[in-house]
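Those letters in the sequence shown? Residues 3 to 618, by this note's numbering. In this text, a Cβ means the ideal position worked out from N, Cα and C, and glycines have one as well. Written below as C-alpha cells is the structure these notes are about.
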Amino acid sequence: MVINRFVLTLLLLLLKMSFQAMASEPQDTNASRPYLVQLKWFHSFQFAGYYAAIEKGYYQEEGLTVILRERQASSTPVDDVLNGHADFGVGESGLILERLNNKPVVILGVIMQRSPLVLISLAENGYTSPLDLAGKKVMFQKNTDNVSIEAAFNEVGLGWGDFVHVSHNFNDMALIEDGIDAMSAYLSDQPLIYRALGYKINVIDPASYGIDFYGDNFFTSESLIRTQPEQVMAFRRATLKGWNYALNHPLEVYRWLTSKYVNHREQKPQNLFMEEVKIIRRMINPEVIPLGEMNANRLQRIADIYKQKQLAPLESELDEGFYYSGYMFGDSGPYKTWFHFLALAILVTALLLGLTIAINRSLAFKVSQRTRELEKANNAKTEFLASMSHELRTPLNSIIGYSERLLKKYSSDWDDRALYSMETIKRNGLHLLNLINDILDLAKIDSGKFELFLKPCLLQELIEEAAATLTHQIKEKHHRLSLPTHYPIKIVMADPVRLTQILLNLLSNAIKYTPENGQIRVFVDRRKIHGKLYCRLAVQDNGMGISEEQQALLFKRFEQFDPETQKKIGAGSGLGLALSYEMVRLHNGQIKCHSQPGQGSTFAVYLPIQDEELQS
C-alpha cells in the first residue's frame, strides 16, 4: 500500500502542476496580424483547401487572418518562408532535402499522398520510358522539387550528359510551340489541357520507377513554430478542415476560382475542372489516409534517395525538428501539460514494473542456487509478485482512466497527431496492465492457485473471435490471414478464456515476426500420439523463422530474441509463450514449435480429445 499511495500522490502532484502551467501560459500578441501563405503555383484546385478555409471562415474561427499569394518567379516558397517574406508555404518533397541540408523548415502536413509531377510527351513520338529520351530535349526545373525526375532517369542509367536539359519556361504548350520533346507537368491538369485540344499524350511517372514521393506539403519555419506554436497549430487545423470541405464541394471551389481567385493564365471549362478534381482526389486518397497524415518511414525513404543522389550529406538525418509534432511538447506547446502528466505517470509505473521484474529474476536465481530452500523462496517470490501486481494495478488503472477521460472530453479539440499521441499513451498503459496480469497469472500457476474452468468450446468461434481482435494489426502490416474452412474437430474441452489467450499470443507473435505482406495460416486437425487422440491447433507464418538455439529458450520466462531482433521488431517481455506453455500444460496438452531461419515458423497446440468430440 505504501507504493500505491506514493504513486497516487505523485499523479495528483503532476496534475496540479499541469493546471498551474496551463494557467500561466503567456497570451499571444500576434493573432491579429495577417499570415501570408506562399503557393508554389498559380491559383487552381491544387490549393482548394486554402480557399475553403478562407471562404468558410475556418481561419477566422481560429483567430487568424490569412492571405494567399501565387508563385513568385524570382524565388521559391522555401526561400520566401525562411527569409520572412511569407509565414507558410506549399512545396513538394524537396522540403526533405532542404532539411537534410540544415534549412530550418518544419513540415506541417501532407496533402497529396503521391506527387503529381510527371514528364509528358506527344504520343505520336512514342516516348514511353526515360530511355526513349536519350539525346532528346527535356524541359524541367533543376531544383529540389524536380529531383524525382532526375532520380527516375538515374534508375534506368541515364545521367545529365545523356539528354538535353532545357530550363522550364512555364508554357503549357511547349511540346507544340517550342520544339520540346518532353516536359515536366502536373498529372492533375496539364495532360488534360492537351487532350482537350485533341492531342494524345504519353506520361512518364517517376513512381513507376520506384521514385514514389509525396505531393503537396504545407510547411513553416522553425522560428515561427517556436515563437507562435498555437497559431501554427491553429493554421494546420483550419487548413485540414478546409481541405475536407473542398473535396466534398468541388463546384463551390470552381465558383471561387472563376470569381475571386482568377488565374488569368488559364481558364478551365467546368467539365475539365471536374476531371482535374477526380485526379487530385485520387492522389490525396482521403477515404484511406487521413488528411495531413505523413509516414515517418516513407519520409526517411525519400531522404535516402536524396542522399543516394549525393544531394545531401550521407551523415545527415531527418531530426525531430522537421516534424511539427516535435514542437507540441516544447515550453510553449499547447498540449504539453496533459502529455507530460500522463507520460510521467506511465514512466513511474514502468519503473516500478521493471523493479518487480528485476526482483523476480533475482529471486529465481537464488532459488536455483539454494535448492534446499526452494519451497520457501518460491513461496516468497509468489507472494511478493501477487502483492506487487495488485499494488501496481490501482495506479495504472488511474492512468488508463485519466487517458480515457481526456480522450472523451478533449479529443474533438485536438488535431490528428495529438489524438494519436493520447491514444498511444492509453494503448501503452493497457499493455503494461496486460503484462502485470501475465506476471500475476504465472505467480498463481507457481503457487498452485491457478484454476481452469473447463467446458465444451466451439473451436470455430474461438478462432474467428481471436482473428477479429487482431484485424487492425493484420491490416497494418498487409498480412493475409487464412482460417480453417473445415473443422475435423468442432469441440474441445477447454477453458475458453485461456484458450483464446493462447490463440491471441500465437497470432500476435506471427504478425509481429512476419515482414509486411506475409502469409499467416491457422490449421485444425486430429493427431494420434502414443495411442492418445489430440486436437492439433496450429498457427503457421512465413516470417523470419527461429534458430535451434533460440527454440531452446522459447518457453522460458523473460527470454527474448537477440538485441538486434528486438530493435527491429520490438520484442515483448518474454512472458507470452511461457504463460501459453503453462496454460497448455494445465490442459494436459503440449505446445511445440517447428521452425527454420528464413522459412517461417509453426506453433502447434495439442489438446487431448474425447470420442464425443470427434465430430465432422
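The beta carbon of residue 125 lies closer than 7 angstroms to those of 202, 203, 204 in the same chain, with the five residues before and after it left out.
Excluding five sequence positions before and after residue 417, the CB atoms of its chain that fall closer than 7 angstroms to its own CB belong to 235, 238, 239, given in chain order. Cα atoms of residue 179 and residue 122: separation of roughly 15 angstroms, rounded to the nearest angstrom.
Boundaries cannot be given for residue 559, as no alpha helix (DSSP H) includes it and DSSP labels it neither H nor E.
Between the region 460-473 and the region 430-443 there are fewer than three inter-stretch CB-CB distances shorter than 8 angstroms, so the stretches are not counted as touching. In the three-state DSSP reduction, residue 175 falls in the coil class, being neither helix nor strand.
When DSSP reads this structure, residue 206 sits in a beta bridge with 121. Taken atom to atom, the span from the alpha-carbon of residue 465 to that of residue 446 is near 26 angstroms. Shown here, residue 111 sits in a strand according to DSSP, grouped into three states. Excluding the 5 residues flanking it on each side, residue 272 has same chain C-beta neighbours closer than 7 angstroms at 256, in chain order. Closest by C-alpha distance to residue 510, out of 481, 536, 495, is 481. With respect to residue 233, residue 66 sits close: the two C-beta atoms are nearer than 8 angstroms.
Fully enclosed alpha helix (DSSP H) runs of no fewer than 4 residues occupy 50-57, 60-63 of the region 29-70, in order along the chain. Distance from the CA atom of residue 198 to the CA atom of residue 216, rounded to whole angstroms, is 27 angstroms. Just so you know, the alpha carbons of residue 213 and residue 300 end up roughly 11 angstroms apart. Contiguous alpha helix (DSSP H) elements confined to the region 431-502 occur at 461-471, 473-478, taking only those with 4 or more residues.
Judged by DSSP in its simplified three-state form, residue 554 adopts coil rather than helix or strand. Each residue's CA atom was taken as its position, placing residue 477 and residue 56 some 37 angstroms apart. Contact annotation: the region 544-558 touches the region 587-606, with at least three C-beta pairs closer than 8 angstroms.
Each of 105, 131, 315, 83 was checked against the Cα of residue 159, and the nearest Cα belongs to 131. In this structure, residue 153 lies near residue 307, with their beta-carbon atoms less than 8 angstroms apart.
Spanning the alpha carbons of residue 505 and residue 607 requires a straight line of approximately 9 angstroms. When DSSP reads this structure, residue 325 sits in a beta bridge with 109.
In the three-state scheme derived from DSSP, where H, G and I count as helix and E and B as strand, residue 255 is classed as helix.
Nearest Cα to residue 139 within the set 116, 222, 168: 168. Residue 507 sits away from residue 588, with the two beta carbons spaced by 8 angstroms or more. With the rule of 3 Cβ pairs closer than 8 angstroms, the region 93-110 counts as touching the region 313-329. The three-state reading of DSSP puts residue 189 in coil, since its state is none of H, G, I, E or B. Residue 72 and residue 91 have their alpha carbons spaced roughly 11 angstroms apart.
Shown here, residue 540 sits in a strand according to DSSP, grouped into three states. If you compare the alpha carbons of 245, 79, 519, 192 with that of residue 100, the shortest gap goes to 79. Nearest neighbour of residue 282 by Cα position, chosen from 104, 118, 463, 610, turns out to be 118.
Contact check for residue 218 against residue 48 passes: the beta carbons are separated by less than 8 angstroms. One thing to note: residue 522 has its Cβ within 8 angstroms of the Cβ of residue 483.
A Cβ-Cβ distance of about 7 angstroms is found for the pair residue 311 and residue 149, placing them in contact under the 8 angstroms criterion. Exclusion of the five residues before and after residue 529 leaves 536, 538 as the residues of its chain whose Cβ lies within less than 6 angstroms of its Cβ.
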